[in-house]
Amino acid sequence: MSRKYPTKVISPIIDSMADARVEILIDEATHRWNHSVIDGVFIPEEAELIKSLPLPQQGVEDRLFWPFTQTGTYTSKSGYRFLKSKDESSDSSARAVEDRELWQGIWSLQRACRNSLPSKENLVRRTVIENPLCDRCSCANESALHALWSCGELDVVWEDLTLWNCRNSLSFITFKELLSWLIKHQHHLELFLVTVWSIWTQRNQVRLNKPSCSPHLISQLAKERLQEFQAVNPHPSSIRSAPPTVQKWKPPDHELVKINCDRARFAKENRAGIGVVIRNSEGLVLGSLSKLVLQAYSPLEIEVMAATTALDFASDLGFQRAILEIDSLVLVKVLSDHTEFFSTVDLVLDEIGHKVNFFNELHYSHVKREGNIVAHILARHAIRVSDVVVWMEDVPPPLFPVLLADIAGFS
Ligand SMILES: [Zn+2]
């Protein structure tokens, strides 16, 4: 997996799919990931990672790459850093196993919601066993909701009324209904998940005659476990400093057009946006575009896609001599130096290679964000667009003042 840790897939293997290949995850007709298959096979975190990998439109050879540098090539520095971080986490290799169990547990909660958790009630329905009664209390059928929440023997686990008063005051018919309520009310969800996972684990240990903790300890252990988990996975904070100088947009030389492009990433919506504006030496707009991408790819991947879209757009309009201007220094360097990537970025870079051939003259230029503001706003605008919108010799009206400011900046 393209992440630091754990590097291998941890989603539980589905027996009937043990020999399946990656191609079953790809829709043959559209060359896109088949989201419903991926969501059904992998735990949510891994499903998201897979769906965020860009797929090329043409078939390409498989290749290996080193996942810890941006270019995908191994450097001894990155190797050292990897080993060091692995070292630091080696005392937590036991934790890795635990984390894996936790993820698998939370995955099985999803099964509880779909009512396919192997509770006794379900096993009876599938004629695996005959007696659906709960082993803990022997007085009700063991549904997922009963086994994890409503069984009287679990009173000791959910006894903290400052947290779980809802257990007494509300009644739920299915586990899914309970979980939906907790999600909707943002009700101690993490603690709930860890507690429920602990209950299910303890239940299975007892059934298998393996050592297990007393139900009295479950709630305390769950709280400690959650604290540990939060200490290792703090919420990321963003630190940004303001740019010291302002750089304005400049028009191209007489016989050239300037193509500015930018990207936006909408993490919450899992979408990305691309904005392109093409202007001549007088600063007049020849065309502009706003395009929605149905996946929040990595910033560099979207950057490359934005450049591909920009070149495509310019060549569609018949411009053969151009400057492609972007605010990513990395990408300008990549394009100018023909850097080869051995990573997923390469899949999208390949496509730029084809577009470049169309131009008789093509230069790359870097501008700071303030000089790329029109393209940036067009990229942000993409979230309001269903696919792609093009304005010929124009920009959307809200952009007029920005455009005028750009023109005023150079006259
Ligand atoms: Zn019971």
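For the sequence shown, position 310 matches number 713 in the working numbering, and the numbering has no gaps at all. Just so you know, even glycine gets a beta-carbon here, dropped at the ideal spot from N, CA and C. Note that this is a predicted model, so its numbers are computed, not measured.
Where Gln698 and Leu752 are concerned, what is the direct C-alpha to C-alpha distance, given to the nearest angstrom? CA-to-CA, the gap between Gln698 and Leu752 works out to about 17 Å.
For Leu692, the first and last residue of its enclosing alpha helix (DSSP H): Per DSSP, Leu692 lies in no alpha helix (DSSP H) segment; the continuous beta strand (DSSP E) that holds it begins and ends at Val688 to Val696.
Could I get the ranges of all uninterrupted alpha helix (DSSP H) runs contained in the segment 528-571, with 4 residues as the minimum, in chain order? Here the runs fully enclosed are 564-567.
When you compare each of Ile755, Glu426 and Val679 to Leu720 by their alpha carbons, which one comes out closest? Per the Cα distances, Val679.
Inter-residue spacing [alpha-carbon to alpha-carbon] between Leu592 and Lys579: Straight-line Cα distance between these residues: approximately 13 Å.
Environment of Thr530 [buried if 16+ CB atoms lie within 10 Å]: Residue environment for Thr530: exposed (fewer than 16 other C-beta atoms within 10 angstroms of its C-beta).
Tell me whether Leu564 is buried or exposed, calling it buried when 16 or more other Cβ atoms sit within 10 Å of its Cβ. Flag for Leu564 reads exposed.
Please name the residue, chosen from Cys569, Val660 and Cys540, that lies closest to Leu689 on a Cα-to-Cα basis. With distances taken between Cα atoms, Leu689 lies closest to Val660.
Does Ala725 come out as helix, strand or coil in the three-state DSSP assignment? It is a strand residue.
Does the beta carbon of Ile576 come closer than 9 Å to any beta carbon on chain C? The structure shown contains no chain C, having only a single protein chain.
Helix, strand or coil, according to DSSP, for His766 in the structure here? DSSP places His766 in the strand class (E or B) of the three-state scheme.
May I ask you to verify whether the segment 704-714 touches the segment 724-733, counting CB pairs closer than 8 Å and requiring at least 3? Touching, yes, given that three or more Cβ pairs across the two stretches are closer than 8 Å.
Looking at Pro618 and Val559, is the spacing between their C-beta atoms short of 9 Å? The answer is yes: Cβ separation under 9 Å.
Whether Ile681 touches Met708 by CB criterion (9 Å): No.
Are at least three pairs of beta-carbons, each pair with one atom in the segment 659-674 and one in the segment 758-778, less than 8 Å apart? The segment 659-674 vs the segment 758-778: in contact.
Rounded to the nearest angstrom, what separates Glu704 and Thr747 at their Cα positions? Distance between the alpha carbons of Glu704 and Thr747 is about 8 Å.
Nearest by alpha-carbon distance to Arg424: which of Val444, Ile780 and Arg570 is it? Checking every option, the nearest Cα to that of Arg424 belongs to Val444.
Exposure label - Pro447; buried when at least 16 CB within 10 Å: Under this definition Pro447 is an exposed residue.
Under 8 Å from any heavy atom of ligand 1, does the C-beta of His588 make it? Answer for His588: no, Cβ out of range of ligand 1.
State whether the segment 586-603 contacts the segment 539-557, with contact taken as three or more CB pairs (one from each stretch) at a distance under 8 Å. With a cut-off of 8 Å on Cβ pairs, the segment 586-603 is in contact with the segment 539-557, counting three or more such pairs.
Leaving out the 5 sequence neighbours to the left and right, which residues in its chain are closer than 8 Å to Leu629 when beta-carbon positions are compared? Non-local beta-carbon contacts of Leu629 in its own chain, meaning distances under 8 Å to residues more than five positions away in sequence, involve Glu593, Leu594 and Val597 in chain order.
Throw me the rounded Cβ distance for the Gly774 and Trp652 pair, which I believe falls under 8 Å. Their Cβ separation, rounded to whole angstroms, is 5 Å, which keeps Gly774 and Trp652 in contact under 8 Å.
Could you give the distance in angstroms between the alpha-carbon of Gly555 and the alpha-carbon of Ser541? Gly555 and Ser541 have their alpha carbons spaced roughly 10 Å apart.
For ligand 1, is there a heavy atom less than 8 Å away from the beta-carbon of Ala550? Taking the Cβ of Ala550 as the reference point, at least one heavy atom of ligand 1 falls within a distance shorter than 8 Å.
For Ser640, which residues in the same chain have their Cβ closer than 7 Å to its Cβ, ignoring the five residues on either side in sequence? Interpretation of Ser640 is limited by its pLDDT of 36, a score under 50 that renders its predicted location unreliable; no figure is taken from the coordinates.
Provide the residue(s) that pair with Trp436 in DSSP beta bridges, ordered along the chain. Bridge partners of Trp436: Ile429.
Answer yes or no: do His784 and Pro799 have a C-beta to C-beta separation smaller than 9 Å? Cβ atoms of His784 and Pro799: closer than 9 Å.
Take Ala670 as the anchor and find which of Val527, Asn534 and Glu451 has the nearest alpha-carbon. Looking from the CA of Ala670, the closest CA among Val527, Asn534 and Glu451 belongs to Glu451.
Taking only three categories from DSSP, how would you classify Ile776? Three-state DSSP puts Ile776 in a helix.
Under 8 Å from any heavy atom of ligand 1, does the C-beta of Trp570 make it? Looking at the sequence shown, residue 570 is not Trp but Arg. No; taking the cut-off as 8 Å, the Cβ of Arg570 has no heavy atom of ligand 1 nearer than that.
Can you tell me whether Met420 is helix, strand or coil according to DSSP? Met420 carries a helical assignment under DSSP once its states are collapsed to helix, strand and coil.
Cα-Cα separation, Pro646 to Leu620: Summary for Pro646: the model assigns pLDDT 40, below 50, so the residue's position carries little reliability, and this model does not support an answer.
Would you kindly work out how many angstroms separate the C-alpha atoms of Val527 and Ser546, rounded to a whole number? Roughly 11 Å separates the two Cα atoms.
Within the continuous alpha helix (DSSP H) that includes Trp794, where are the two ends? First-last for Trp794: Val791 to Met795, but that is the beta strand (DSSP E), not the alpha helix (DSSP H).
How many angstroms separate the CA atom of Lys587 from the CA atom of Asn544? Between the alpha carbons of Lys587 and Asn544 lies a distance of about 28 Å.
Exposure of His638, with buried meaning 16 or more beta-carbon neighbours within 10 Å: Because the pLDDT at His638 is just 44, under 50, the model does not fix this residue reliably, and the point stays unresolved.
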